[in-house]
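**Q** Numbering (the working numbering), first residue to last: 18 to 260.
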Ligand SMILES: Nc1ncnc2c1ncn2[C@@H]1O[C@H](COP(=O)(O)OP(=O)(O)OP(=O)(O)O)[C@@H](O)[C@H]1O
Ligand SMILES: [Mg+2]
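1) Which one or two residues does DSSP pair with residue 169 in a beta bridge?
2) If you follow the alpha helix (DSSP H) that residue 159 is in, where does it begin and where does it stop?
3) Classify residue 139: buried if its beta carbon has 16 or more other beta carbons within 10 angstroms, exposed otherwise.
4) Between the Cα of residue 190 and those of 155, 219 and 101, spot the shortest distance and give me the residue it belongs to.
5) For residue 28, which beta-bridge partners are listed by DSSP?
6) Tell me residue 78's beta-bridge partners as DSSP assigns them.
7) Assign residue 180 to one of three DSSP states: helix, strand, or coil.
8) How long is the line joining the alpha carbons of residue 165 and residue 80, rounded to whole angstroms?
9) Which whole-angstrom value describes the C-beta separation of residue 58 and residue 221, a residue pair presumed to lie in contact below a C-beta threshold of 8 Å?
10) Please classify residue 116: is it buried, with 16 or more other beta-carbons within 10 angstroms of its beta-carbon, or exposed?
11) By DSSP's criteria, residue 218 is part of a beta bridge. Which residues make up the other side?
12) Could you check what DSSP says for residue 42 in three-state terms: helix, strand or coil?
13) Between residue 158 and residue 94, what straight-line distance do the alpha-carbon atoms span, to the nearest angstrom?
14) Give every residue of the same chain whose Cβ lies closer than 8 Å to the Cβ of residue 225, excluding the five residues on either side of it in the sequence, and list them in chain order.
15) Looking at the structure shown, is residue 60 part of a helix, part of a strand, or coil, going by DSSP?
16) Suppose you measure from the CA of residue 9 to the CA of residue 51; what does that come to, to the nearest Å?
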């Protein structure tokens with residue numbers, strides 16, 4: 018059984034038809050990336066899975082349960098990090114786990130250290146740079162107890178080197194803890210480096226125009242970026258993206 022199934026989902030905002038007839042499934046512990054033009058409805062898909070919006074038609078199934086309109090079933094990192102300004106970094110990353118009664122400060126501190134935030138554990142969010150705030154929001158999503166994690170461009174505000182460090186860190190964590198991840202990105206390279214499978218969306222009303230099974234073995238490291246095969250795949254996906 019697949020972990021998540023999106024079945025015939027459509028969504029419009031007044032006259033703006035954003036999602037056509039969207040269908041896809043994600044396997045348990047699979048890592049999939051969604052690529053698509055800006056405004057094609059990627060964040061809308063996450064808002065639908067997260068229960069913040071409801072579709073006009075269609076169903077969303079998580080482990081056999083229809084979660085349309087249900088909040089809290091998944092762990093969701095929105096495109097802009099929504100940290101609570103009055104809570105410290107540590108209190109912020111523990112928030113989702115705390116709501117479910119499962120907080121683990123030792124693991125949280127370990128992850129914050131690994132993400133280069135060791136000196137900021139007791140700082141408030143407005144003392145952090147934008148990229149650091151994004152890392153905090155990202156750790157909070159990873160520490161939440163839900164089995165499906167939706168990450169909306171989590172590394173887009175980071176400079177290239179920090180971004181690569183975070184990608185490697187995410188891969189290492191994911192290989193150790195194996196959760197189901199849906200990852201939205203604008204970077205073909207990032208999608209290829211991280212994912213098992215890549216879904217390409219059309220312009221809105223969005224539907225899936227291509228799907229690629231990523232062939233690279235794990236564990237992966239940055240030498241992959243210079244691999245001939247990697248470049249071939251990058252080209253292949255580039256030409257399927259509508260610009
Ligand atoms: N709550 C909302 N109310 C009205 N319109 C919305 C709402 N959310 C999204 N839209 C519209 O839906 C369309 C898709 O937006 P969405 O944010 O899902 O795109 P996206 O693929 O995530 O884009 P980007 O890559 O730029 O983040 C846009 O035209 C946007 O204006
Ligand atoms: Mg978006």
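Virtual Cβ for every residue (Gly too), placed ideally from N, Cα, C. Everything numeric in this text was worked out from a predicted model, so none of it was measured.
**A** Once the coordinates are examined:
1) Residue pairing by DSSP puts residue 169 in a beta bridge opposite 201.
2) For residue 159, the enclosing alpha helix (DSSP H) begins and ends at 147-160.
3) Exposed.
4) The shortest CA-to-CA distance from residue 190 to any of 155, 219 and 101 is the one to 155.
5) Paired residues: 36.
6) DSSP, once it has assigned bridges, lists 22 and 83 as partnering residue 78.
7) Reduced to three states, the DSSP call for residue 180 is helix.
8) Looking at the two C-alpha atoms, the distance is approximately 10 Å.
9) Taking 8 Å as the upper bound for CB-CB distance, residue 58 and residue 221 are in contact here, some 6 Å apart.
10) With fewer than 16 Cβ atoms within 10 Å of its Cβ, residue 116 is classed as exposed.
11) Residue pairing by DSSP puts residue 218 in a beta bridge opposite 225.
12) Correct three-state label for residue 42: strand.
13) If you take the alpha carbons of residue 158 and residue 94, they lie about 6 Å apart.
14) Apart from the 5 residues on each side of it in sequence, residue 225 sits with its Cβ closer than 8 Å to the Cβ of 39, 40, 41, 216, 217, 218 and 219 in its chain, given in chain order.
15) Reduced to three states, the DSSP call for residue 60 is helix.
16) Absent from the structure is residue 9, since the part of the chain shown begins at 18 and ends at 260.
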